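Reviewing the structure listed below.
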Amino acid sequence: MFIEIITVGNEILAGQTIDTNSAYISSELRKIGIAVHYHTVVGDRPERLLSVLKKALFRTDIIIATGGLGPTVDDVTLETVSRLTDKKTIQQAKLLKNKVGTAPGLIISWQKKTLIVLPGVPKEMASMMPEVTKYLKKKQKNKTIIKTRIIKITGLAERIVSRRLKGILKIKGNPLIGIYPHTNYVDLKINAKAGSKEKAGQLIKQAEKKITQRLGIFIFAKDEQTLEGKVGELLRLQKRTISLAESCTGGLTANRLTNIPGSSKYFKMGVITYSNESKASILKISGPLIKKNGAVSPEVARLMAKGIRTLAQSDLGLALTGIAGPGGATRTKPVGLVFIALATDEGTICRKFNFKGDRTAIKLKASEAGLDMVRRYLTKPCEHS
Numbered sequence: 248m249f250i251e252i253i254t255v256g257n258e259i260l261a262g263q264t265i266d267t268n269s270a271y272i273s274s275e276l277r278k279i280g281i282a283v284h285y286h287t288v289v290g291d292r293p294e295r296l297l298s299v300l301k302k303a304l305f306r307t308d309i310i311i312a313t314g315g316l317g318p319t320v321d322d323v324t325l326e327t328v329s330r331l332t333d334k335k336t337i338q339q340a341k342l343l344k345n346k347v348g349t350a351p352g353l354i355i356s357w358q359k360k361t362l363i364v365l366p367g368v369p370k371e372m373a374s375m376m377p378e379v380t381k382y383l384k385k386k387q388k389n390k391t392i393i394k395t396r397i398i399k400i401t402g403l404a405e406r407i408v409s410r411r412l413k414g415i416l417k418i419k420g421n422p423l424i425g426i427y428p429h430t431n432y433v434d435l436k437i438n439a440k441a442g443s444k445e446k447a448g449q450l451i452k453q454a455e456k457k458i459t460q461r462l463g464i465f466i467f468a469k470d471e472q473t474l475e476g477k478v479g480e481l482l483r484l485q486k487r488t489i490s491l492a493e494s495c496t497g498g499l500t501a502n503r504l505t506n507i508p509g510s511s512k513y514f515k516m517g518v519i520t521y522s523n524e525s526k527a528s529i530l531k532i533s534g535p536l537i538k539k540n541g542a543v544s545p546e547v548a549r550l551m552a553k554g555i556r557t558l559a560q561s562d563l564g565l566a567l568t569g570i571a572g573p574g575g576a577t578r579t580k581p582v583g584l585v586f587i588a589l590a591t592d593e594g595t596i597c598r599k600f601n602f603k604g605d606r607t608a609i610k611l612k613a614s615e616a617g618l619d620m621v622r623r624y625l626t627k628p629c630e631h632s
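As structure tokens, then:
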């Protein structure tokens, strides 16, 4: 069963709207073991849409078109499909009721092919997908299950992950294992296909075991879990509290932690000590010490962590200070230099980082490294000074 999704809309081609429909449809079909082979975007021009439809019919069995369906002048999909087939075929189509809008969807059978026409409004399209998946499930000749496991890695660049997993990453075969980098972490996606959930799950576990053996502590979460979610879970289970003193990250780390529901149980305080004066007045770091070592230094990072832990009376104190750029660098302290410290009742950890990227990327990477320092400490306590 070969499937192509065609998204219709000038606004998508112009970059004014992001095509989330194709991703959603593909995801829903994957749940019933159906893989999509092509995604195509075309504007609201009847001749171009007609050309795309003809090409799709040649190389696929089923077309799912979304967008260009409704009462306005740029809604050309149904008219174009009518030109491609005929009005009698359209009249005999299966109607898909629109529960949240006006334009109905259609399932059209024509010359041993299937054309499924859906609205472009995401909520309207999504309301029809249960009927679509039900219909396609009946057409499946070979019943298969596709399971996906996402393994999230932080602290390693994509090239290092790839090197460590040499011989495991596969772009074909079963399971498929691919690597997908983000600004602050790397995803590994395992896709397993089998005749049953149990067999697919078994294939996932086998691949996951091999990956875990090679990456170990660098794996911070799986599937939908985030790093801040994992840190929050560890703090909650261990009944510990945390406070933050941020400079270069400007409160980003605290924001991530407090985005987690229930974070009030472990998050006590967050301060943005951006200026030297605030570091001195709030965290009680002496002006001469800051002047001697610089605000971006291991000495100041340690004192920030200790200071916020004392001020908040928390179990852990995390501090971040650095140069996010594009200005503020010196010969010895380049843009991207960040010191992160974690104060605990056992002592204080401090680490130096040199991040690459623009200001936004550096802030995100620093925040990620800070949260990961907490995760590692709570998972496997590090050596303290």
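Numbers given in this note's numbering equal positions in the sequence shown, counted from 1, plus 247.
All C-beta atoms, glycine included, are put in the ideal place defined by N, C-alpha and C.
All values reported here derive from a predicted model rather than from experimental measurement.
TODO: Specify the secondary structure class of T264 as computed by DSSP and reduced to three states.
DONE: Residue numbering aside, residue 264 sits at position 17 when the sequence shown is read from its first letter. In the three-state scheme derived from DSSP, where H, G and I count as helix and E and B as strand, T264 is classed as coil.
TODO: Can you grab the Cα-Cα spacing for the pair K370 / I272, in whole Å?
DONE: Numbered from 1 along the sequence shown, position 123 holds the residue referred to as residue 370. Numbered from 1 along the sequence shown, position 25 holds the residue referred to as residue 272. Each residue's alpha carbon lies about 12 Å from the other.
Task: Delimiting residues of the beta strand (DSSP E) encompassing D246 - done: Here the chain covers residues 248 to 632 and nothing more, so residue 246 does not appear.
Task: Local conformation of T459 per DSSP, three classes - done: By one-based count along the sequence shown, residue 459 stands at place 212. Correct three-state label for T459: helix.
Task: DSSP three-state assignment for S374, whether helix, strand or coil - done: Along the sequence shown, one-based indexing puts residue 374 at 127. The answer is helix: DSSP assigns S374 an H, G or I state.
Task: Residue(s) in a DSSP beta bridge with G564 - done: The residue labelled residue 564 in the question sits at position 317 within the sequence shown. Answer is S490, A590.
Task: Member of I309, V323, K419, K384 whose CA lies at the smallest distance from the CA of K359 - done: What you label residue 359 is simply residue 112 of the sequence shown in a count that begins at 1. Cα-wise, what sits closest to K359 is I309.
Task: Exposure label - R396; buried when at least 16 CB within 10 Å - done: Along the sequence shown, one-based indexing puts residue 396 at 149. Classification for R396: buried.
Open item on the list: Tell me the DSSP secondary structure of G617 in three-state form.
Closed with: Residue mapping note: residue 617 aligns to position 370 of the sequence shown, counting from 1. Correct three-state label for G617: helix.
- [ ] Using three-state DSSP, classify N601 as helix, strand or coil.
- [x] The residue you call residue 601 lines up with position 354 of the sequence shown. Three-state DSSP puts N601 in a strand.
Task: Contact set for N523: own chain, Cβ-Cβ below 6 Å, skip 5 residues either direction - done: By one-based count along the sequence shown, residue 523 stands at place 276. These residues qualify, in order along the chain: I537, A542.
Open item on the list: Rounded to whole angstroms, what is the Cα-Cα separation between G617 and G352?
Closed with: If you number the sequence shown from 1, residue 617 lands on position 370. If you number the sequence shown from 1, residue 352 lands on position 105. Distance between the alpha carbons of G617 and G352: 49 Å.
- [ ] Give the single residue among G442, L403, A492, K531 whose Cα lies nearest to the Cα of I393.
- [x] Counting from one through the sequence shown, the residue named residue 393 turns up at place 146. For I393, the nearest C-alpha among the options comes from G442.
Task: S269 (DSSP reduced to helix, strand or coil) - done: The sequence position of residue 269 within the sequence shown is 22, counting from 1. Helix.
Task: Three-state secondary structure assigned by DSSP to S522 - done: Taking the first residue of the sequence shown as position 1, residue 522 is located at position 275. S522 sits in coil when the DSSP states are folded into three classes, being neither helix nor strand.
Open item on the list: Using a Cβ-Cβ cutoff of less than 8 Å, which residues in the same chain neighbour V323 once the five nearest sequence positions on both sides are dropped?
Closed with: Taking the sequence shown and counting its residues from 1, one reaches residue 323 at position 76. The residues V255, D291, R292, P293, L296, G315, in chain order, have a CB closer than 8 Å to that of V323 in the same chain once the five nearest residues on each side in sequence are set aside.
Open item on the list: For I354, count the other beta carbons within 10 Å of its own beta carbon; 16 or more makes it buried, fewer makes it exposed. Which is it?
Closed with: Position 107 of the sequence shown, counted from the first residue, corresponds to residue 354. With a 10 Å radius around the Cβ and a threshold of 16 neighbouring Cβ atoms, I354 comes out buried.
Task: Span separating the alpha-carbon of I281 from that of L383 - done: Here residue 281 corresponds to residue number 34 of the sequence shown, with the count starting at 1. Here residue 383 corresponds to residue number 136 of the sequence shown, with the count starting at 1. Approximately 9 Å, taken between the alpha carbons.
- [ ] Assign L499 to one of three DSSP states: helix, strand, or coil.
- [x] The count along the sequence shown starts at 1 and reaches residue 499 at position 252. L499: helix per DSSP, three-state reduction.
- [ ] Report the three-state DSSP secondary structure of S274 (helix, strand or coil).
- [x] Working through the sequence shown from its first residue, we reach residue 274 at position 27. In the structure shown, S274 sits in a helix (DSSP, three-state: H, G or I).
Task: F305 - containing alpha helix (DSSP H), residue span - done: Residue 305 sits at position 58 when you count from the first residue of the sequence shown. F305 -> alpha helix (DSSP H) spans 293-306.
Task: Whether I555 touches G564 by CB criterion (8 Å) - done: The residue labelled residue 555 in the question sits at position 308 within the sequence shown. The residue labelled residue 564 in the question sits at position 317 within the sequence shown. Their beta carbons are under 8 Å apart, which means I555 touches G564 by this criterion.
Open item on the list: Tell me which residues share the same chain as K553 and place their Cβ nearer than 7 Å to its Cβ, disregarding the 5 neighbours each side in the sequence.
Closed with: Locating residue 553 in the sequence shown gives position 306, where the first residue counts as 1. Hits under 7 Å: G564, A590, T595.
- [ ] Could you give the DSSP three-state label for E258: helix, strand or coil?
- [x] Within the sequence shown, numbered from 1, the residue matching residue 258 stands at position 11. Residue state for E258 is assigned as helix, using DSSP reduced to three classes.
- [ ] Please report how far the alpha carbon of Y432 lies from the alpha carbon of G425, in whole angstroms.
- [x] Indexing the sequence shown from 1 puts residue 432 at position 185. Indexing the sequence shown from 1 puts residue 425 at position 178. Rounded to whole angstroms, the separation of the alpha carbons of G425 and Y432 is 14 Å.
Task: Distance between Q449 and A340 (C-alpha atoms, nearest Å) - done: Mapped onto the sequence shown, residue 340 falls at position 93. Mapped onto the sequence shown, residue 449 falls at position 202. Rounded to the nearest whole angstrom, the CA to CA distance from A340 to Q449 is 41 Å.
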